[in-house]
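Student: When you line the sequence shown up against our numbering, it's residues 56 to 89, in that order. Yeah, the Cβ is synthetic: ideal placement off N, Cα and C, and Gly gets one too. My questions will all concern the structure given below.
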Amino acid sequence: MGHRTEALFRDDAYLKTAEAQVVAINDRGGILLD
Numbered sequence: 056m057g058h059r060t061e062a063l064f065r066d067d068a069y070l071k072t073a074e075a076q077v078v079a080i081n082d083r084g085g086i087l088l089d
């Protein structure tokens with residue numbers, strides 16, 4: 056896949072929201088975000 060996780064908390068420790076798009080839901084109920 057080559058996607059990289061962005062550690063948003065490192066830029067703003069008090070961040071309460073972030074935009075994301077659900078790209079998949081796995082068979083264990085986990086979600087994959089873009």
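DSSP state of Leu63, grouped into three classes?
Tutor: Helix at Leu63.
Student: Specify the secondary structure class of Ala68 as computed by DSSP and reduced to three states.
Tutor: Coil at Ala68, not helix or strand.
Student: Taking 7 angstroms as the threshold (C-beta atoms), are Ala75 and Leu88 in contact?
Tutor: Contact: yes.
Student: Between which two residues does the beta strand (DSSP E) holding Ala79 run?
Tutor: Segment 77-80, the beta strand (DSSP E) holding Ala79.
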